[in-house]
Amino acid sequence: HVQLQQSGPGLVKPSQTLSLTCAISGDSVSSNSGVWNWIRQSPSRGLEWLGRTYYRSQWYHDYAVSVKSRIAINPDTSKNQFSLQLKYVSPEDTAVYFCARDLIGAAHFDYWGQGTLVTVSS
Amino acid sequence: QSALTQPPSVSGSPGQSVTISCTGTSSDVGGYNRVSWYQQPPGTAPKLIIYEVNNRPSGVPDRFSGSKSGNTASLTISGLQAEDEADYYCSSYTSSSPVFGGGTKLTVL
Chain A
49 HVQLQQSGPG LVKPSQTLSL TCAISGDSVS SNSGVWNWIR QSPSRGLEWL GRTYYRSQWY
109 HDYAVSVKSR IAINPDTSKN QFSLQLKYVS PEDTAVYFCA RDLIGAAHFD YWGQGTLVTV
169 SS
Chain B
6 QSALTQPPSV SGSPGQSVTI SCTGTSSDVG GYNRVSWYQQ PPGTAPKLII YEVNNRPSGV
66 PDRFSGSKSG NTASLTISGL QAEDEADYYC SSYTSSSPVF GGGTKLTVL
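As given, the protein sequences belong to chains A and B, one line each in that order. Just so we're on the same page, the working numbering is the position in the first sequence counted from 1, plus 48. Just so we're on the same page, the working numbering is the position in the second sequence counted from 1, plus 5.
Right under this line is the structure:
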């Protein structure tokens with residue numbers, strides 16, 4: 049049974065970097081089938097896919113065009129987790145952030161983290 | 006604005022059936038058999054209930070079914086129960102990035 053456990057601060061100041069971690073149990077961030085995603089949800093934007101990382105003999109990363117210039121999603125194989133960093137945040141980045149697994153890269157997300165409300169405010 | 010269009014709300018009485026539509030384009034819903042549906046009660050993470058148009062993960066009741074015609078996918082919930090009251094979202098694979106619908110609030114009267 050796969051579980052995703054999120055951690056990270058719930059308050060970030062404008063222009064700073066949002067950092068969240070998603071710890072995986074019951075699967076491996078290095079598996080040759082899993083795709084590891086970050087998705088956020090806000091009243092104004094609804095559900096918005098942010099990006100993903102996955103391993104297929106080498107590491108791959110894909111990012112949404114809307115955040116591509118300021119996002120990084122990185123695996124940590126030693127801790128079996130992956131992280132989200134979103135730079136230069138503004139109040140528009142206030143949202144609930146979820147990590148999620150897509151089993152085969154078909155854009156169906158079968159396991160989700162519990163969600164983290166991140167508020168961008170001074 | 007979300008890439009996929011869903012009705013903001015639907016409602017039904019216990020025991021009835023409701024259908025939620027999800028309209029996209031030939032670049033997403035119409036182009037791939039990779040539409041999924043999620044159920045999200047308030048304050049929780051979305052839960053996958055349908056994948057690849059009409060497949061149910063283990064443990065999801067067969068009251069939930071999916072279909073697709075052209076650029077529109079549909080989720081049907083039959084035999085409505087009070088516990089089905091939640092927000093429902095569709096999602097589709099695309100060649101670039103997954104896209105979501107704006108969500109539909111299901112009210113069980």
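Just so you know, even glycine gets a beta-carbon here, dropped at the ideal spot from N, CA and C.
Chain B places no beta carbon closer than 8 angstroms to that of Leu-68/A, leaving this residue out of the contacts.
Residues of the stretch 58-72 of chain B with a C-beta atom less than 7 angstroms from some C-beta of chain A are Pro-62, listed in chain order. DSSP places Pro-123/A in the uninterrupted beta strand (DSSP E) bounded by 119-124.
Interface residue (Cβ-Cβ distance to chain B less than 8 angstroms): Ala-120/A is not classified as such. Just so you know, the alpha carbons of Ser-126/A and Lys-135/A end up roughly 24 angstroms apart.
Contact of Leu-114/B with chain A is not assigned, every C-beta pair being separated by 8 angstroms or more.
When Cβ-Cβ separations below 8 angstroms define contact, Ser-31/B makes no contact with chain A. Between the alpha carbons of Cys-27/B and Ala-148/A lies a distance of about 22 angstroms.
For Leu-134/A, no CB of chain B lies under 8 angstroms from its own CB, so it is not counted at the interface with that chain. The beta carbon of Ala-71/A sits no closer than 8 angstroms to any beta carbon of chain B.
Residue contact with chain B for Asp-75/A: absent (no Cβ-Cβ distance below 8 angstroms to any residue of chain B).
Of Ser-7/B, Gly-20/B, Val-15/B, Cys-95/B, the smallest CA-CA separation from Leu-111/B is found for Val-15/B. Taking each of Glu-140/A, Leu-151/A, Asp-150/A in turn and checking the Cα distance to Ser-169/A, the smallest one comes out for Glu-140/A.
Spatial neighbours of Pro-51/B in its own chain (CB-CB distance under 8 angstroms, excluding positions within 5 residues in sequence) are listed in chain order as Tyr-43, Gln-44, Gln-45, Tyr-94. The beta carbon of Gly-58/A sits no closer than 8 angstroms to any beta carbon of chain B. Excluding its 5 nearest sequence neighbours in each direction, Ser-78/A has C-beta neighbours in its own chain below 6 angstroms: Tyr-103, Thr-125, listed in chain order. Between Pro-103/B and chain A, the shortest Cβ-Cβ separation is below 8 angstroms. With distances taken between CA atoms, Gly-74/A lies nearest to Leu-52/A out of Ser-131/A, Leu-52/A, Arg-100/A.
One alpha carbon belongs to Ser-96/B, the other to Ser-114/A, and they sit about 18 angstroms apart. Taking every protein chain shown into account, the CB of Thr-65/A has fewer than 16 other CB atoms within 10 angstroms, so this residue is exposed. No Cβ-Cβ contact shorter than 8 angstroms links Ser-67/A with Leu-151/A.
Looking at the backbone, the Cα of Thr-10/B and that of Leu-85/B are separated by about 23 angstroms.
For Thr-167/A, the enclosing beta strand (DSSP E) covers residues 164-168. Counting only residues of its own chain and dropping the five nearest sequence neighbours on each side, His-156/A has a CB closer than 8 angstroms to the CB of Asp-150.
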